[in-house]
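Working notes for the structure below.
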Amino acid sequence: MSNLFWLTEAQKARLEAPRCLEVFDYNLEVFDYNKVRSQKSAECRMNFLRRHWYNSGLVFGAIAIAVALLGNLQTVQIILLLFYAALTLHQFEELGWPGGFPWYYNEIIRPKGGPFDRNPLNQNNNLFINVWAAYPITLLPVFFPDSIWMGFGIVLFGFGQVIVHAIAFNIKLKYFYNPGMATVLLLYLPLNVWYLVEVYSHQTVPLWNWAAGFGYFAFFSAVLIMWVGFTLLTDKNSLYPFAPEELEW
169 MSNLFWLTEA QKARLEAPRC LEVFDYNLEV FDYNKVRSQK SAECRMNFLR
219 RHWYNSGLVF GAIAIAVALL GNLQTVQIIL LLFYAALTLH QFEELGWPGG
269 FPWYYNEIIR PKGGPFDRNP LNQNNNLFIN VWAAYPITLL PVFFPDSIWM
319 GFGIVLFGFG QVIVHAIAFN IKLKYFYNPG MATVLLLYLP LNVWYLVEVY
369 SHQTVPLWNW AAGFGYFAFF SAVLIMWVGF TLLTDKNSLY PFAPEELEW
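Under my numbering, the residues of the sequence shown are numbered 169 to 417, in order.
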């Protein structure tokens, strides 16, 4: 006989509902099992995405490379698609292999008094910054190759990453390498130079494109990353800490 025979049906349903995070407010008198199960299933899927998005990103990066090589595209579109693929590799270097970016960012680069597994960077704002923000910002110029200013925004982002990873972070860490540095030097830097050579070899580019490109870059960096990612979505009591293996370097 089940040792749960003394529970109400609502209590049994609660125990049987799939578990991810206990973030739901249950009222056993009006408990709706199907609704809670649906909520928890959605939460499970989002938790899986928060944990593994950078692994899945490699698939999208491979697709981008295939389209760049096999599609009938302008050269600038090819470069921008390859930059997106480089972005997915960069993110994997930071969080997958060798990984460890969350630890050194929270503990050394921008310490906020801990806990270092979720403040200021956690799985939730990390997903927003790197996927919901970075993917559209990076891919949008591919569809508007004649809007050079958008491409310049990506170039500024790429050069900014080179400065941050190859210089600033190493000084802060007092070490010769940090997760993310290899991809910015081997991929971002040459792709940025290639884009500029391609653009300037075929046309005269008015200076306003650089100003507009800076605006595009600033929107991504100041609004999406710093304001939304590191202000609205930062929480020292976040329910979305990094997994221990994501903190290892």
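We put the CB at the ideal spot given by N, CA and C, even for glycine.
- In this structure the region 274 to 284 does not lie against the region 243 to 255, because fewer than three pairs of beta carbons, one per stretch, are closer than 8 Å.
- Selection Y343, L307, L400 and F296 evaluated against L217 yields F296 as nearest (Cα-Cα).
- Contact between the region 297 to 304 and the region 385 to 404 is present: three or more C-beta pairs spanning the two stretches fall below 8 Å.
- With a contact defined as Cβ atoms closer than 8 Å, N360 and V323 qualify at about 5 Å.
- With respect to the 8 Å criterion, G321 and H333 are not classified as neighbours on the basis of their beta carbons.
- Here N290 is not near P412, since their CB atoms are 8 Å or more apart.
- Contact annotation: N287 and N274 have beta-carbon atoms nearer than 8 Å.
- In the three-state scheme derived from DSSP, where H, G and I count as helix and E and B as strand, L263 is classed as helix.
- Counting the other CB atoms within 10 Å of its CB gives L354 a total below 16, which places it among the exposed residues.
- L249 is positioned such that its CB atom lies no closer than 8 Å to that of Y222.
- L255 and A379 have their C-alpha atoms some 23 Å from each other.
- Here A234 carries a helix assignment [DSSP, helix/strand/coil].
- Within the same chain, Cβ atoms closer than 7 Å to the Cβ of Q259 are found at Y222, G225 and N298, the five residues on either side in sequence being excluded.
- Between E211 and the set E416, I339, F325 and L407, the nearest pair of CA atoms involves L407.
- DSSP places N292 in the helix class (H, G or I) of the three-state scheme.
- For the set R219, N346, G239 and S315, the Cα lying nearest the Cα of Q329 is the one of N346.
- For A379, the enclosing alpha helix (DSSP H) has its first and last residue at W376 to A386.
- Collapsing the DSSP output to three states places K280 in coil.
- When only Cα atoms are considered, I316 and A336 end up about 29 Å apart.
- When C-alpha distances from Y384 are compared across L238, F325 and R278, the shortest belongs to F325.
- Around the beta-carbon of V365, fewer than 16 other beta-carbon atoms lie within 10 Å, marking it exposed.
- In the three-state scheme derived from DSSP, where H, G and I count as helix and E and B as strand, L241 is classed as coil.
- Counting every other CB atom within 10 Å of its CB across the protein chains shown gives T306 a total of 16 or more, marking it as buried.
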